[in-house]
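Novice:
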Amino acid sequence: MATYVLAHDAWHTGKELEPTASSIRAAGHRVHTPTIAGNRPGDPKTVGLEDAIKSIVDYLTENKLEDVILLGHGYGGMIVTGVADRVPERVRRLVYWNAFVPNNGQSINDMAPYIALFGPTLAQRDDGSIMLPFPTWREEFINDADLETAQKAYGVLNSHPEKTFVDKISIRNNPAGMQLGKSYINCTDDTALPDRQPWHPRFSQRLGQFRLVQTPGSHELCFSNPKRLAQAIMDAGRD
Amino acid sequence: MATYVLAHDAWHTGKELEPTASSIRAAGHRVHTPTIAGNRPGDPKTVGLEDAIKSIVDYLTENKLEDVILLGHGYGGMIVTGVADRVPERVRRLVYWNAFVPNNGQSINDMAPYIALFGPTLAQRDDGSIMLPFPTWREEFINDADLETAQKAYGVLNSHPEKTFVDKISIRNNPAGMQLGKSYINCTDDTALPDRQPWHPRFSQRLGQFRLVQTPGSHELCFSNPKRLAQAIMDAGRD
Amino acid sequence: MATYVLAHDAWHTGKELEPTASSIRAAGHRVHTPTIAGNRPGDPKTVGLEDAIKSIVDYLTENKLEDVILLGHGYGGMIVTGVADRVPERVRRLVYWNAFVPNNGQSINDMAPYIALFGPTLAQRDDGSIMLPFPTWREEFINDADLETAQKAYGVLNSHPEKTFVDKISIRNNPAGMQLGKSYINCTDDTALPDRQPWHPRFSQRLGQFRLVQTPGSHELCFSNPKRLAQAIMDAGRD
Chain A
1 MATYVLAHDA WHTGKELEPT ASSIRAAGHR VHTPTIAGNR PGDPKTVGLE DAIKSIVDYL
61 TENKLEDVIL LGHGYGGMIV TGVADRVPER VRRLVYWNAF VPNNGQSIND MAPYIALFGP
121 TLAQRDDGSI MLPFPTWREE FINDADLETA QKAYGVLNSH PEKTFVDKIS IRNNPAGMQL
181 GKSYINCTDD TALPDRQPWH PRFSQRLGQF RLVQTPGSHE LCFSNPKRLA QAIMDAGRD
Chain B
1001 MATYVLAHDA WHTGKELEPT ASSIRAAGHR VHTPTIAGNR PGDPKTVGLE DAIKSIVDYL
1061 TENKLEDVIL LGHGYGGMIV TGVADRVPER VRRLVYWNAF VPNNGQSIND MAPYIALFGP
1121 TLAQRDDGSI MLPFPTWREE FINDADLETA QKAYGVLNSH PEKTFVDKIS IRNNPAGMQL
1181 GKSYINCTDD TALPDRQPWH PRFSQRLGQF RLVQTPGSHE LCFSNPKRLA QAIMDAGRD
Chain C
2001 MATYVLAHDA WHTGKELEPT ASSIRAAGHR VHTPTIAGNR PGDPKTVGLE DAIKSIVDYL
2061 TENKLEDVIL LGHGYGGMIV TGVADRVPER VRRLVYWNAF VPNNGQSIND MAPYIALFGP
2121 TLAQRDDGSI MLPFPTWREE FINDADLETA QKAYGVLNSH PEKTFVDKIS IRNNPAGMQL
2181 GKSYINCTDD TALPDRQPWH PRFSQRLGQF RLVQTPGSHE LCFSNPKRLA QAIMDAGRD
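Listed in order, the protein sequences are those of chains A, B and C.
The first sequence begins at 1 in this note's numbering and counts up one residue at a time.
The second sequence begins at 1001 in this note's numbering and counts up one residue at a time.
The third sequence begins at 2001 in this note's numbering and counts up one residue at a time.
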């Protein structure tokens, strides 16, 4: 029995990973799906990357979690990289699922200039947050689901604190130098990043030695096929 | 219930898409499989690209088809791009299946110099048509089928009017600028184009915002697994 | 009924291909799984590439095998290329499974500088052999299996004669010029070679006209899913 902690993507909360967590629990494991600071209901949208990372470090500490298989999705890759830097003694393996793998000093904006990528359609709000427009979500993020699933999923998203995309991460070792098990899950139909700047191998190759797990599916397999995602996570997380 | 119009590849007729159409109809949709001018029994092989496009424009008009999900396969990508330019008001979504996506002024020969690609083995005939040699068909087009299926399928092909490969398309807007839903189906084992000039992302990225649907299979999935192709088409065609 | 001869990878013997062979036999074919010189129990680890090739040429000759579908895995690609050069009259089709495809005068070290790739973790032994370290095996070779399968499989490996990696192959025609059927099986999750130097299309495109067969799986699908591998081999091997 292993302990999984799943760190969600931008615009999500931990709740959206619950169907996936259920499938992993059914196989006998413990699974936690905390929500990162900035995405919790009522959180100020001025939260930055350091606070976001700290919220998951605190979650591990307060819950006395050890030997954790720590997964990050998309933006969650920034978070788990930071957590593994702060409390490496609590982490057994890092799993990136179509996630950013930053080196020290990099921001999401450095790796994926989101204004240029999503351009004029990205809604910037007065409270410091940004929101994906629905057409981008439907066509490029959740391309493998039917319209009803895409709409329902969009309805539960929350606008995301932009500061977490601009802040540069501060870590002592780059991921390649971290002495931990590392895996990269690549959903092969993910078009959230453009094909000339793909998740894999662009980010996976920053891990040094790592285990590749691939599965059909979009960036949002947690909505379109949580069972298949759960299997990929267990294949990536096992020793 | 949606209305699908499937535009076949070079060397094919609409009839070869009937098993795929049946599966889509079984899911409750209307499906049309017209044959493009130049590939109909008895058509002169001197037909050019403009006449080929016009034949499908006429088909939509004569059958009063509206809100059409218009799919093109291979060469059929030239046709549906032209049709969407001529009668955009009849098209709901363009779906390209391992298909050419031309910008204004381009020919198939510009995008895939077929003499160089298929070389001395390509049979050029006196009537203005060209024919794929069987070994190319068997190894590079229908690599996922058994020999009997490959032979039977080859037996129903017709020699293709070369002029449609050389004529440059004339469209008012390039596909990226067309205000329509757009999808690209990529059969991941398609080797009809060489790997250094692949269908996806080389042509798909010309669409601007589009939905990617991938499935295992060769360029000729309509013969090797029409049910799987039908599912991919419905995943690509839905709103 | 066809005749298959399966040439294993470095560190393996023919015995590890027996579960795969059983599945192919169950479909009605004859399958041979000889062990290449240098990997047989008791073989000196000073064996070079020429002797390794010769051992399979001898196997075909002694067993009077003709019309052979000859498969090579990884390093086995060197062997089958050499065998097809020596006794082309016995070979019906060459099948490469995530395998090296050498041109005349090339060694494995030329195509994959293994010291640089596996670096300080590669164990070089006094008897002239080298051995993969377990973490490389588990994470990069057999990433799709559970730990128990990975450990059991590692336990049956034998240390490999380094000379076969350094010797340059001598062939009259490069594979593209060989007048034989050719197929390439690509396991899409294979990370034994780094992503910037992948098996496919880097080596497959050296074959000239070839048939591509792809399947999910790691470099060691013979352990993780021999049935699926058997199906891929039959899809690649049929006429």
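Where is the CB? At the ideal position from N, CA and C, for every residue including glycine.
Computed from a predicted model, the values in this text were never measured in an experiment.
#1: Which ranges would you report for the beta strand (DSSP E) in the stretch 2122 to 2202 of chain C if only whole runs of at least 3 residues count?
#2: Between the Cα of residue 1047 of chain B and the Cα atoms of B:1067, B:1010, B:1023, B:1081, which residue gives the shortest distance?
#3: Report yes or no: is there a C-beta of chain C within less than 9 Å of the C-beta of residue 212 of chain A?
#4: Do residue 168 of chain A and residue 76 of chain A have their C-beta atoms closer together than 9 Å?
#5: With a cut-off of 9 Å, does the C-beta of residue 186 of chain A fall near any C-beta of chain B?
#6: Just to confirm my understanding: we take residue 1134 of chain B, look at its own chain, exclude 5 residues before and 5 after, and list those with CB closer than 7 Å. What are they?
#7: So what does DSSP say about residue 2033 of chain C, is it helix, strand or coil?
#8: Assuming residue 92 of chain A is part of the beta strand (DSSP E), what are its boundary residues?
#9: For residue 2123 of chain C, count the other beta carbons within 10 Å of its own beta carbon; 16 or more makes it buried, fewer makes it exposed. Which is it?
#10: Counting only beta-carbon atoms, is residue 124 of chain A nearer than 9 Å to chain C?
#11: Can residue 1129 of chain B and residue 1045 of chain B be called in contact, C-beta distance under 9 Å?
#12: Should residue 1143 of chain B be flagged as near chain C, meaning a C-beta pair shorter than 9 Å?
#13: List the whole-angstrom C-beta distance separating residue 2185 of chain C from residue 2082 of chain C, where the pair is believed to meet the contact cut-off of C-beta under 8 Å.
#14: Based on the DSSP secondary-structure assignment, which residues constitute the bridge partners of residue 1007 of chain B?
#15: Which chain B residues are close to residue 147 of chain A, counting only those with a beta carbon under 8 Å from its beta carbon?
#16: Determine, using beta carbons only, whether residue 1139 of chain B comes closer than 9 Å to chain C.
#17: Which partner residues does residue 1213 of chain B have in the DSSP bridge list?
#18: Quick check on residue 194 of chain A - is its C-beta less than 9 Å from some C-beta in chain B?
#19: When you compare only the Cα positions, how much space is there between residue 2235 of chain C and residue 52 of chain A?
#20: Examine the Cβ distances between the stretch 2177 to 2196 of chain C and the stretch 2208 to 2220 of chain C and report whether three or more of them are shorter than 8 Å.
#21: Which residues mark the beginning and the end of the alpha helix (DSSP H) in which residue 1057 of chain B is found?
#22: Could you check whether residue 2174 of chain C and residue 2206 of chain C sit closer than 9 Å to each other, using their CB atoms as the reference points?
#23: Indicate the three-state DSSP secondary structure (helix, strand or coil) for residue 1081 of chain B in the structure shown.
#24: In this structure, does DSSP put residue 1045 of chain B in helix, strand or coil?
#25: Interface residues of chain B around residue 189 of chain A at Cβ under 8 Å?
#26: Could you compute how far the alpha carbon of residue 2115 of chain C sits from the alpha carbon of residue 2137 of chain C?
#27: Between residue 1226 of chain B and chain C, is any beta-carbon pair separated by less than 9 Å?
#28: Going by the beta-carbon positions, is the gap between residue 1220 of chain B and residue 1144 of chain B smaller than 9 Å?
#29: Closest to residue 1032 of chain B by CA distance: which of B:1024, B:1148, B:1039 is it?
#30: Taking residue 135 of chain A as the query, report the chain B residues whose CB atoms sit under 8 Å from its CB, ordered along the chain.
#31: Which residue comes first and which comes last in the alpha helix (DSSP H) that contains residue 23 of chain A?
#32: Along chain A, which residues have their Cβ under 7 Å away from the Cβ of residue 1201 of chain B?
#33: Could you have a look at residue 1106 of chain B and say whether DSSP puts it in helix, strand or coil?
#34: For a contact defined as C-beta to C-beta under 8 Å, what are the partners of residue 2205 of chain C on chain B?
#35: What separation, rounded to the nearest whole angstrom, lies between the Cα atoms of residue 2090 of chain C and residue 2035 of chain C?
#36: According to DSSP, simplified to helix, strand and coil, what is residue 1204 of chain B?
Specialist: With the structure as the only source:
#1: 2129 to 2131, 2181 to 2187
#2: In the second sequence, the residue the question calls residue 1047 of chain B occupies position 47. Taking only the C-alpha atoms, the option nearest residue 1047 of chain B is B:1010.
#3: Position 212 of the first sequence, counting from 1, holds the residue named residue 212 of chain A. Interface residue, yes.
#4: Residue numbering aside, residue 168 of chain A sits at position 168 when the first sequence is read from its first letter. Residue numbering aside, residue 76 of chain A sits at position 76 when the first sequence is read from its first letter. In this structure, residue 76 of chain A does not lie closer than 9 Å to residue 168 of chain A by Cβ.
#5: Reading the first sequence from its first residue, position 186 is the one you call residue 186 of chain A. It does not: the Cβ of residue 186 of chain A has no partner Cβ on chain B nearer than 9 Å.
#6: Mapped onto the second sequence, residue 1134 of chain B falls at position 134. The residues are 1154.
#7: Counting from 1 along the third sequence, the entry for residue 2033 of chain C is found at position 33. Residue 2033 of chain C: coil per DSSP, three-state reduction.
#8: For the purposes of this step, residue 92 of chain A is taken as residue 92 along the first sequence, with counting starting at 1. Taken as a continuous stretch (DSSP letters only), the beta strand (DSSP E) holding residue 92 of chain A covers 91 to 97.
#9: As a working note, residue 2123 of chain C is residue 123 in the third sequence. With fewer than 16 other Cβ atoms within 10 Å, it is exposed.
#10: Within the first sequence, residue 124 of chain A is the residue found at index 124, counting from 1. Cβ-Cβ to chain C under 9 Å: no for residue 124 of chain A.
#11: Here residue 1129 of chain B refers to the residue found at position 129 of the second sequence. Here residue 1045 of chain B refers to the residue found at position 45 of the second sequence. Result yes, Cβ atoms of residue 1129 of chain B and residue 1045 of chain B sit closer than 9 Å.
#12: As a position in the second sequence, residue 1143 of chain B is number 143, starting the count at 1. Yes, residue 1143 of chain B counts as interfacial toward chain C.
#13: Here residue 2185 of chain C refers to the residue found at position 185 of the third sequence. Here residue 2082 of chain C refers to the residue found at position 82 of the third sequence. Not really, about 19 Å apart at Cβ, beyond 8 Å.
#14: Within the second sequence, the letter at position 7 stands for residue 1007 of chain B. According to DSSP, residue 1007 of chain B bridges with B:1072.
#15: Taking the first sequence and counting its residues from 1, one reaches residue 147 of chain A at position 147. In chain order: 1238, 1239.
#16: Within the second sequence, numbered from 1, the residue matching residue 1139 of chain B stands at position 139. Answer yes: the Cβ-Cβ gap between residue 1139 of chain B and chain C drops below 9 Å somewhere.
#17: Here residue 1213 of chain B refers to the residue found at position 213 of the second sequence. Bridge partners of residue 1213 of chain B: B:1185.
#18: For this step, residue 194 of chain A is matched to residue 194 along the first sequence. So, interface residue.
#19: Taking the first residue of the third sequence as 1, we reach residue 2235 of chain C at position 235. Taking the first residue of the first sequence as 1, we reach residue 52 of chain A at position 52. C-alpha separation (whole angstroms): 50 Å.
#20: yes
#21: Locating residue 1057 of chain B in the second sequence gives position 57, counting from the first residue. Here the alpha helix (DSSP H) through residue 1057 of chain B covers 1049 to 1062.
#22: In the third sequence, the residue the question calls residue 2206 of chain C occupies position 206. In the third sequence, the residue the question calls residue 2174 of chain C occupies position 174. Going by C-beta atoms, residue 2206 of chain C is nearer than 9 Å to residue 2174 of chain C.
#23: By one-based count along the second sequence, residue 1081 of chain B stands at place 81. It is helical.
#24: In the second sequence, counting from the first residue as 1, residue 1045 of chain B sits at position 45. In the structure shown, residue 1045 of chain B sits in coil (DSSP, three-state: anything other than H, G, I, E or B).
#25: Taking the first residue of the first sequence as position 1, residue 189 of chain A is located at position 189. Ordered by position in chain B, the residues that pass the 8 Å Cβ test against residue 189 of chain A are 1212, 1213, 1214.
#26: Residue numbering aside, residue 2115 of chain C sits at position 115 when the third sequence is read from its first letter. Residue numbering aside, residue 2137 of chain C sits at position 137 when the third sequence is read from its first letter. Each residue's alpha carbon lies about 15 Å from the other.
#27: Numbered from 1 along the second sequence, position 226 holds the residue referred to as residue 1226 of chain B. Answer no: the Cβ-Cβ gap between residue 1226 of chain B and chain C never drops below 9 Å.
#28: Here residue 1220 of chain B is taken as the residue at index 220 of the second sequence, counted from 1. Here residue 1144 of chain B is taken as the residue at index 144 of the second sequence, counted from 1. Yes, Cβ-Cβ distance for residue 1220 of chain B and residue 1144 of chain B is below 9 Å.
#29: Within the second sequence, numbered from 1, the residue matching residue 1032 of chain B stands at position 32. Measuring from the Cα of residue 1032 of chain B, the nearest candidate turns out to be B:1024.
#30: Here residue 135 of chain A is taken as the residue at index 135 of the first sequence, counted from 1. Within 8 Å Cβ-Cβ: 1209.
#31: Locating residue 23 of chain A in the first sequence gives position 23, counting from the first residue. It spans 18 to 26 - the alpha helix (DSSP H) in which residue 23 of chain A sits, taken as one unbroken run.
#32: Residue mapping note: residue 1201 of chain B aligns to position 201 of the second sequence, counting from 1. Within chain A, the residues near residue 1201 of chain B are 195.
#33: Within the second sequence, the letter at position 106 stands for residue 1106 of chain B. In this structure, residue 1106 of chain B counts as coil in the three-state DSSP scheme.
#34: Position 205 of the third sequence, counted from the start, is the residue given in the question as residue 2205 of chain C. Under the 8 Å cutoff, chain B gives 1194, 1195, 1196.
#35: Locating residue 2090 of chain C in the third sequence gives position 90, counting from the first residue. Locating residue 2035 of chain C in the third sequence gives position 35, counting from the first residue. So the alpha carbons of these two residues sit roughly 19 Å apart.
#36: Taking the first residue of the second sequence as position 1, residue 1204 of chain B is located at position 204. Note: residue 1204 of chain B maps to helix in three-state DSSP.
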